[in-house]
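Engineer:
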Amino acid sequence: MIDILLLGCGGGMPMPGRFLSASLLMYKGRKILIDCGEGTQVSMRMCNSGFKTIDVICISHIHGDHIVGLPGLLGTIGNSGRIEKLTIIGPEGITKAVNGLRTIVEWLPYEIDIIENPKESIDIMNEEVKVSFFEADHSAPCLGYSFYIKRTPKFDLDSAMKNNVPKNLWNILQKKSESVEVDGVIYERNMVMGEERKGIKISFITDSRPSIEIPDFIDNSDLFICEGTYGSDDDIEKAVKNKHMTFREAAQLACEGKVKNMILTHFGTAMSDPVLYENNAKEVFKDTIIGYDRLKFSMDFDK
Numbered sequence: 006m007i008d009i010l011l012l013g014c015g016g017g018m019p020m021p022g023r024f025l026s027a028s029l030l031m032y033k034g035r036k037i038l039i040d041c042g043e044g045t046q047v048s049m050r051m052c053n054s055g056f057k058t059i060d061v062i063c064i065s066h067i068h069g070d071h072i073v074g075l076p077g078l079l080g081t082i083g084n085s086g087r088i089e090k091l092t093i094i095g096p097e098g099i100t101k102a103v104n105g106l107r108t109i110v111e112w113l114p115y116e117i118d119i120i121e122n123p124k125e126s127i128d129i130m131n132e133e134v135k136v137s138f139f140e141a142d143h144s145a146p147c148l149g150y151s152f153y154i155k156r157t158p159k160f161d162l163d164s165a166m167k168n169n170v171p172k173n174l175w176n177i178l179q180k181k182s183e184s185v186e187v188d189g190v191i192y193e194r195n196m197v198m199g200e201e202r203k204g205i206k207i208s209f210i211t212d213s214r215p216s217i218e219i220p221d222f223i224d225n226s227d228l229f230i231c232e233g234t235y236g237s238d239d240d241i242e243k244a245v246k247n248k249h250m251t252f253r254e255a256a257q258l259a260c261e262g263k264v265k266n267m268i269l270t271h272f273g274t275a276m277s278d279p280v281l282y283e284n285n286a287k288e289v290f291k292d293t294i295i296g297y298d299r300l301k302f303s304m305d306f307d308k
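Going by this note's numbering, the letters in the sequence shown line up with residues 6 to 308, in that order.
#1: Let me know if Asn-53 comes out buried or exposed under the rule of 16 or more other beta-carbons within 10 Å of its beta-carbon.
#2: How would you call Ser-85, buried or exposed, if buried means at least 16 neighbouring beta carbons within 10 angstroms?
#3: Rounded to a whole number of angstroms, what is the C-alpha to C-alpha distance between Lys-308 and Arg-202?
#4: For the stretch 204-265, list the alpha helix (DSSP H) runs that are entirely contained and at least 4 residues long, ordered along the chain.
#5: Just to confirm the assignment, what range does the beta strand (DSSP E) spanning Leu-12 have?
#6: With which residues is Phe-290 paired in a DSSP beta bridge?
#7: In whole angstroms, give me the CA-to-CA distance for Val-289 and Asn-266.
#8: Report the residue from Phe-152, Cys-147, Leu-178 whose alpha carbon sits nearest the alpha carbon of Asp-161.
#9: Going by the beta-carbon positions, is the gap between Gly-13 and Thr-45 smaller than 8 Å?
#10: By Cβ distance, which residues of its chain are closer than 6 Å to Pro-279, with the 5 residues on each side in sequence left out?
#11: Rounded to whole angstroms, what is the Cα-Cα separation between Val-343 and Leu-91?
#12: If contacts are defined as beta-carbon pairs under 8 Å, then Leu-38 and Lys-301 qualify, I think. What distance do you get, rounded to the angstrom?
#13: Quick test of your reading: Asp-292 and Arg-23, contact by CB under 8 Å. State the CB separation rounded to the nearest angstrom.
#14: If you compare alpha carbons, which of Ser-65, Phe-229, Lys-167 is closest to Cys-260?
#15: Using the C-alpha atoms, what's the distance from Val-264 back to Ile-154?
#16: Could you say if the stretch 117-129 and the stretch 184-200 meet the contact criterion of at least three C-beta pairs nearer than 8 Å?
#17: Kindly indicate which three-state DSSP category Tyr-150 falls into: helix, strand or coil?
#18: What does a CB cutoff of less than 6 Å around Ser-126 pick up in its chain, not counting 5 residues either side in sequence?
#19: Please say whether Ile-207 and Asp-338 have beta carbons closer to each other than 8 Å?
#20: Are Arg-255 and Glu-232 closer than 8 Å when you measure CB to CB?
#21: Measuring CA to CA, which of Leu-75, Asn-285, Asn-104, Pro-123 is closest to Glu-97?
#22: Where Lys-172 and Met-166 are concerned, what is the direct C-alpha to C-alpha distance, given to the nearest angstrom?
#23: Confirm, please, whether the CB-CB distance from Ser-26 to Asp-40 is below 8 Å.
#24: Output the residue ranges of the alpha helix (DSSP H) runs that lie fully inside the stretch 69-120 and measure 4 residues or longer, sorted by chain position.
#25: Does the beta-carbon of Thr-108 have 16 or more other beta-carbons within 10 angstroms, so that it is buried, or is it exposed?
#26: Measure how close the beta-carbons of Gly-83 and Thr-58 come, nearest whole angstrom, since I'm counting them as under 8 Å.
#27: If contacts are defined as beta-carbon pairs under 8 Å, then Met-250 and Arg-214 qualify, I think. What distance do you get, rounded to the angstrom?
#28: Would Val-61 and Met-6 be called neighbours here (beta carbons separated by less than 8 Å)?
This is the structure in structure tokens:
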């Protein structure tokens with residue numbers, strides 16, 4: 006089971022009942038945090054979500070509503086007993102930003118590995134998740150993220166027999182080791198496993214204008230989480246000026262990208278009730294969900 010938890014759906018400044026941008030991707034007891042706006046820790050506590058198991062933090066861009074919660078969170082992660090390395094991924098300037106924020110929390114009991122402005126996909130979380138990147142069109146260097154959660158192939162008895170793999174190695178190769186050497190013979194995992202199976206794709210575009218490249222980036226996502234700073238079609242000029250999107254523009258991307266579901270988030274401060282504008286999105290893409298703080302969305306692999 007893969008769970009997405011929206012911790013904060015606000016853009017610009019926090020509002021009553023709406024913290025700033027942050028989401029958790031949870032899989033096999035581990036967590037990836039996407040953005041870390043003000044209120045991230047409080048929202049996690051309200052959901053009884055622990056801090057120690059956050060392995061990767063992905064920052065979309067260095068605007069306060071997406072990163073200002075980071076120093077406090079890093080300290081809390083340290084106080085939770087974590088000693089394993091933590092990875093922070095972000096756009097150009099993320100190293101300088103993190104080092105600056107760390108003056109508030111100079112000592113941590115774990116190492117931080119910063120990956121700045123990556124150009125190629127990266128395998129994370131014991132290579133079970135592949136994360137890809139997109140350069141968004143925003144007023145600061147900004148990354149979109151796409152996470153592909155890999156699915157382990159099924160055990161293939163015929164393949165194991167054909168490759169003469171000893172029975173006592175079947176379980177080891179399935180679950181514990183990529184390869185095992187016995188009496189000079191190397192047995193590999195692919196000798197006992199079947200074909201690759203379709204995983205789950207989750208894509209995030211948190212601050213951006215629409216672009217012709219986005220549909221390819223989010224193509225066939227099981228879940229697309231997209232900014233919806235402006236609900237009304239009448240706010241298109243503001244969206245263009247401030248490098249954001251309207252609900253309708255986000256929905257058009259979801260439609261062109263052939264995604265299964267879209268959750269809108271990052272609502273502007275002028276929008277007190279985003280649900281009032283949901284038809285602007287649903288007229289274009291019916292499987293639209295209006296996000297709210299602590300919304301949980303769960304997915305599982307196809308049977």
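All C-beta atoms in this analysis are idealised placements derived from N, C-alpha and C, irrespective of residue type, glycine included.
Structural biologist: Straight from the coordinates:
#1: Translated into positions along the sequence shown, residue 53 becomes position 48. Under the 10 Å beta carbon count, Asn-53 is surrounded by fewer than 16 other beta carbons and is classified as exposed.
#2: Start at 1 with the first residue of the sequence shown, and residue 85 comes out as number 80. Classification of Ser-85: exposed, given that the 10 Å Cβ count is below 16.
#3: Within the sequence shown, the letter at position 303 stands for residue 308. Within the sequence shown, the letter at position 197 stands for residue 202. A direct Cα-to-Cα measurement between Lys-308 and Arg-202 gives close to 10 Å.
#4: Counting whole runs of 4 or more residues, the stretch 204-265 contains the alpha helix (DSSP H) stretches 219-222, 241-247, 252-261.
#5: Position 7 of the sequence shown, counted from the first residue, corresponds to residue 12. Note, Leu-12: beta strand (DSSP E), 7-13.
#6: Along the sequence shown, one-based indexing puts residue 290 at 285. For Phe-290, which the question treats as bridged, DSSP gives no partner whatsoever.
#7: The sequence position of residue 289 within the sequence shown is 284, counting from 1. The sequence position of residue 266 within the sequence shown is 261, counting from 1. So the alpha carbons of these two residues sit roughly 13 Å apart.
#8: Against the sequence shown, residue 161 aligns to sequence position 156. A check of alpha carbon separations from Asp-161 across Phe-152, Cys-147, Leu-178 identifies Leu-178 as the nearest.
#9: Residue numbering aside, residue 13 sits at position 8 when the sequence shown is read from its first letter. Residue numbering aside, residue 45 sits at position 40 when the sequence shown is read from its first letter. Cβ distance < 8 Å, so Gly-13 and Thr-45 count as in contact.
#10: Position 274 of the sequence shown, counting from 1, holds the residue named residue 279. If we look at Pro-279 and ignore the five residues flanking it on each side, its Cβ neighbours are Gly-236, Phe-272, Ile-295.
#11: This structure does not reach residue 343, given that the chain is present from 6 up to 308, and the question cannot be answered.
#12: Start at 1 with the first residue of the sequence shown, and residue 38 comes out as number 33. Start at 1 with the first residue of the sequence shown, and residue 301 comes out as number 296. Taking 8 Å as the upper bound for CB-CB distance, Leu-38 and Lys-301 are not in contact here, some 15 Å apart.
#13: In the sequence shown, counting from the first residue as 1, residue 292 sits at position 287. In the sequence shown, counting from the first residue as 1, residue 23 sits at position 18. The beta-carbon separation of Asp-292 and Arg-23, rounded to 23 Å, does not stay under the 8 Å limit for a contact.
#14: As a position in the sequence shown, residue 260 is number 255, starting the count at 1. That would be Phe-229, whose Cα lies nearest to the Cα of Cys-260.
#15: Taking the sequence shown and counting its residues from 1, one reaches residue 154 at position 149. Taking the sequence shown and counting its residues from 1, one reaches residue 264 at position 259. Taking C-alpha positions only, Ile-154 is separated from Val-264 by approximately 16 Å.
#16: Touching, no, given that fewer than three Cβ pairs across the two stretches are closer than 8 Å.
#17: Indexing the sequence shown from 1 puts residue 150 at position 145. In this structure, Tyr-150 counts as strand in the three-state DSSP scheme.
#18: Here residue 126 refers to the residue found at position 121 when the sequence shown is read from its first residue. Excluding positions up to five away in sequence, the list reads Lys-135, Ser-137.
#19: With the chain represented from 6 up to 308, any question about residue 338 goes unanswered, as that position is not in the structure.
#20: As a position in the sequence shown, residue 255 is number 250, starting the count at 1. As a position in the sequence shown, residue 232 is number 227, starting the count at 1. With the sequence shown as reference, residue 255 is identified as Ala, and Arg is not the correct amino acid for it. Yes, Cβ-Cβ distance for Ala-255 and Glu-232 is below 8 Å.
#21: Taking the sequence shown and counting its residues from 1, one reaches residue 97 at position 92. Nearest in C-alpha terms to Glu-97, of all of Leu-75, Asn-285, Asn-104, Pro-123, is Pro-123.
#22: Locating residue 172 in the sequence shown gives position 167, where the first residue counts as 1. Locating residue 166 in the sequence shown gives position 161, where the first residue counts as 1. Distance from the CA atom of Lys-172 to the CA atom of Met-166, rounded to whole angstroms, is 9 Å.
#23: The count along the sequence shown starts at 1 and reaches residue 40 at position 35. The count along the sequence shown starts at 1 and reaches residue 26 at position 21. Contact: yes.
#24: Those alpha helix (DSSP H) runs which fall completely within the stretch 69-120 and span 4+ residues are 69-72, 75-84, 99-106.
#25: Within the sequence shown, the letter at position 103 stands for residue 108. By the Cβ-count criterion, Thr-108 is exposed, with fewer than 16 other Cβ atoms from all chains shown falling within 10 Å of its own Cβ.
#26: The sequence position of residue 83 within the sequence shown is 78, counting from 1. The sequence position of residue 58 within the sequence shown is 53, counting from 1. Contact doesn't hold; Cβ gap of about 14 Å is too wide.
#27: Counting from one through the sequence shown, the residue named residue 250 turns up at place 245. Counting from one through the sequence shown, the residue named residue 214 turns up at place 209. Yes, Met-250 and Arg-214 are in contact; Cβ-Cβ is about 7 Å, under 8 Å.
#28: In the sequence shown, the residue the question calls residue 61 occupies position 56. In the sequence shown, the residue the question calls residue 6 occupies position 1. No, these two residues do not count as a Cβ contact at 8 Å.
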